[in-house]
Amino acid sequence: MDLGILSLVPAAVAIILAFVTRNTVFSLAVACFIGVLIAGQGLLGFPNLMKEALGTTSFSWIFLLELFIGVLIAFFQRTGAIQEFTLIMERKKLSRVKTQLFSWFLGMFVFFSDYFSPLFVGSTMRNLSDKAKISREKLSYIADSTSAPVSVMVPITGWAVFISGLLVGMGAIKSPDMAMGVFVQSIPFNFYAILSVLFVGLIAMKVIPDFGPMKKAEERALKEGKVLRDGAEPLMGEELTETPPFDGIKPNVFLNFFLPVLIVISIAVGTFIVLDSAKTMEAFLAASVILGVIMRIQGIPFNDIMKTATAGMKGVLPAIIILAFAYSLNKLTEDIGTADYVVSVSENWLTPSLLPVITFIIAAIIAFATGSSWGTFAIVMPLAVPLAFNYTGDEVTTIVLATIAAVGGGGVFGDHCSPLSDTTVLASTGAASDHMDHVKTQIPYALTVAAIACVFYLIVGIVFV
Numbered sequence: 001m002d003l004g005i006l007s008l009v010p011a012a013v014a015i016i017l018a019f020v021t022r023n024t025v026f027s028l029a030v031a032c033f034i035g036v037l038i039a040g041q042g043l044l045g046f047p048n049l050m051k052e053a054l055g056t057t058s059f060s061w062i063f064l065l066e067l068f069i070g071v072l073i074a075f076f077q078r079t080g081a082i083q084e085f086t087l088i089m090e091r092k093k094l095s096r097v098k099t100q101l102f103s104w105f106l107g108m109f110v111f112f113s114d115y116f117s118p119l120f121v122g123s124t125m126r127n128l129s130d131k132a133k134i135s136r137e138k139l140s141y142i143a144d145s146t147s148a149p150v151s152v153m154v155p156i157t158g159w160a161v162f163i164s165g166l167l168v169g170m171g172a173i174k175s176p177d178m179a180m181g182v183f184v185q186s187i188p189f190n191f192y193a194i195l196s197v198l199f200v201g202l203i204a205m206k207v208i209p210d211f212g213p214m215k216k217a218e219e220r221a222l223k224e225g226k227v228l229r230d231g232a233e234p235l236m237g238e239e240l241t242e243t244p245p246f247d248g249i250k251p252n253v254f255l256n257f258f259l260p261v262l263i264v265i266s267i268a269v270g271t272f273i274v275l276d277s278a279k280t281m282e283a284f285l286a287a288s289v290i291l292g293v294i295m296r297i298q299g300i301p302f303n304d305i306m307k308t309a310t311a312g313m314k315g316v317l318p319a320i321i322i323l324a325f326a327y328s329l330n331k332l333t334e335d336i337g338t339a340d341y342v343v344s345v346s347e348n349w350l351t352p353s354l355l356p357v358i359t360f361i362i363a364a365i366i367a368f369a370t371g372s373s374w375g376t377f378a379i380v381m382p383l384a385v386p387l388a389f390n391y392t393g394d395e396v397t398t399i400v401l402a403t404i405a406a407v408g409g410g411g412v413f414g415d416h417c418s419p420l421s422d423t424t425v426l427a428s429t430g431a432a433s434d435h436m437d438h439v440k441t442q443i444p445y446a447l448t449v450a451a452i453a454c455v456f457y458l459i460v461g462i463v464f465v
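Structure below.
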């Protein structure tokens, strides 16, 4: 179906509504509904679109994987392994620099959940950080910068699953396994995520001195002993609803935490090396089942284990809902020829060399306005990646990989800076920092990294076209 300029309407509606309402699910749903009306499918077009888009093997695969991730995280919390690990770390006496470096390392280690990571790092390191006279703004920055930027680069996270799911059907990418392989190839080109993580380490080691509002916050903490400014309103961890530890068992950090994580990593990495396909869903399923058995042996009732698993599944429903509407919008734009029209009108002015950097900037703006990197992926990926494939004749080349990474990095940058972002709020909560103080001190650092990333994308565009 070729609707010409009208094929842009669903995507335009999604973007405009995302800016205005800051509600990604609503924006995507309205865009899909308007799109089926434009396509002349009537009121029944919307449920038919959802049925066609979601009744696929690829969506079922991603749906199940998200559920297993939620179950595993809930099991970690219910066994008390995370809380016990926190107590062990609090017994260590670290210097100011080492405290920041350990927070940095801890954020990278807890890579499997961008929601859990900032809460874990902030709540674990808060007391040690206060004793070292590190501002809460700095702690929340470290926690925030090692959550989404790390998760988006690891093939065994929900981020990788979400992004690779969006890639299925684009250009030469025909299956979920192939999409995951392409995603892995794109990781070295996610300049914003890579540089964000490195920047934290350099700041912590004082290779790069603090600057801007963060410098003032650190001077206040170091000279006056005030980890929070006068009048600050910290977001407290009590505001977050968590699965409480089971009272009847003694937590075992190795069995209840390290072993399941090692199982996930071993299966995912091992199958990727041997089969050229990371069996991520199987990895999380195996880890969840094994940890569930361990929990039962430790004395947690079967009914409690099942309730915990259900709670974990409920926790990932927001991501699944976004994914469902993203798949539907992808199917709709494919049916009405949106990518073909964008390609036809952009060939005269948008050169392949500019595509990665322009994609990064657009994704960053949308993610900042909405506070949702995943919603940004759903909107920008179906437009930018087909353009890249058009330039390469449907071959997976450096420009395609850089464009995919630019969507990911741009989305993370906007999400990273936005006060509306879930991960930004959770970083403030975990560190018990004033939320807007966290945002204001973090933005100059994020903008610096983003500017460097833009330069790299320009270089890639010029060199590899």
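Just so it is clear: in the sequence shown, position 293 is 293 by the UniProt record's numbering, and no numbers are missing. Where a beta carbon is used, it is the ideal one built from N, C-alpha and C, also for glycine.
Checklist line | Contacting residues, own chain, Cβ-Cβ under 6 angstroms from D2 (five flanking each side not counted) | finding: G337
Considering Cα atoms alone, identify which of I208, F75 and V407 is closest to I366. V407
message = Can you give me the C-alpha to C-alpha distance between residue 468 and E334, rounded to a whole angstrom?
response = Since the displayed the chain opens at 1 and closes at 465, residue 468 lies outside it and no answer follows.
In chain order, what residues of the same chain lie with their CB nearer than 7 angstroms to the CB of F302, ignoring the 5 residues before and after it? R296
Sufficient close CB pairs (3 or more, under 8 angstroms) joining the segment 426–444 to the segment 211–228: yes
Exercise for review: Tell me D434's beta-bridge partners as DSSP assigns them.
Suggested key: Bridge partners of D434: P234.
Closest Cα partner of F168 within the set L291, L323 and A363 | Position check: residue 168 holds Val in this sequence, whereas Phe was assumed. Here the closest residue by C-alpha is L323.
Query raised in the report: With burial defined as no fewer than 16 other Cβ atoms inside 10 Å of the residue's Cβ, what is the status of T157: buried or exposed?
Result: buried
For this session: Examine the Cβ distances between the segment 313–332 and the segment 281–298 and report whether three or more of them are shorter than 8 angstroms.
Result: no
**Residues near N256 in its chain [Cβ-Cβ closer than 6 angstroms; skip 5 each side]** = T79 and A81
According to DSSP, is V161 part of a helix, a strand, or is it coil?
helix
So what does DSSP say about Q41, is it helix, strand or coil?
-> In the displayed model, Q41 falls within coil according to three-state DSSP, outside both helix and strand.
Exercise. To which residues of the same chain is L275 closer than 8 angstroms at the C-beta, ignoring the five residues directly before and after it?
Worked result: none
8 angstroms contact criterion, which R96 and I134 should meet: CB distance rounded | 6 angstroms
Buried or exposed: L87, going by 16 or more other Cβ atoms within 10 Å of its Cβ?
exposed
Reduced DSSP secondary structure (H/G/I, E/B, other) of S328
helix
Indicate whether V154 and G107 have their beta-carbon atoms separated by less than 8 angstroms.
-> Not a contact, by the Cβ cut-off of 8 angstroms.
Assuming contact is defined by CB atoms lying nearer than 8 angstroms, are D130 and T423 in contact in what I supplied? no
Note to self: Along the chain, where does the alpha helix (DSSP H) containing G169 start, and where does it finish?
What the structure shows: For G169, no alpha helix (DSSP H) encloses it, and the DSSP letter there is neither H nor E.
* **C-alpha distance - M183 paired with A402, whole-angstrom precision** => Residue identity check: residue 183 is Phe in the sequence provided, not Met. Near 10 angstroms, if we compare the C-alpha coordinates of A402 and F183.
Q) Roughly how many angstroms lie between the CA atoms of A31 and F325, to the nearest whole one? A) 9 angstroms
**OP:** Could I get the ranges of all uninterrupted alpha helix (DSSP H) runs contained in the segment 281–326, with 4 residues as the minimum, in chain order?
**Re:** Fully enclosed alpha helix (DSSP H) runs of 4 or longer: 302–315.
- prompt: From A18 to K250, what distance separates their C-alpha atoms?
  reply: 46 angstroms
- Query: Per DSSP, what kind of secondary structure is L87 in: helix, strand or coil?
  - Reply: helix
When the Cα atoms are used, what is the spatial distance from D114 to A148?
5 angstroms
Next item on the list: For I305, I'd like the list of residues in its chain whose CB is within less than 7 angstroms of its CB, leaving aside the five on either flank, ordered along the chain.
Entry: G292, M295 and R296
> Helix or strand or just coil, what does DSSP make of T359?
Replying inline: helix
(message) Just to confirm before moving on: does the CB-CB distance between L355 and I404 stay below 8 angstroms?
(response) no
Could you have a look at T397 and say whether DSSP puts it in helix, strand or coil?
coil
- Locate the alpha helix (DSSP H) running through N390, then write down its first and last residues. S373 to T392
Item to complete: State the DSSP-derived secondary structure class of T271, mapped to helix, strand or coil.
Response: helix
Whether T280 touches V161 by CB criterion (8 angstroms): yes
Chain-order list of residues whose beta-carbon lies under 6 angstroms from that of G212 (same chain, five-residue window excluded): P444
Roughly how many whole angstroms lie between the Cα atoms of E238 and S353?
-> In this prediction, E238 scores a pLDDT of 40, lower than 50, which makes its location untrustworthy; the coordinate-derived value is nonetheless stated afterwards. In a straight line, the C-alpha of E238 is about 49 angstroms away from that of S353.
- Message: Relative to the C-alpha of S373, which candidate in V25, V9 and I5 has its C-alpha closest?
- Response: Of V25, V9 and I5, the smallest CA-CA separation from S373 is found for V25.
Worksheet item: Which value, in whole angstroms, describes the spacing of the CA atoms of K215 and V200?
Response: 14 angstroms
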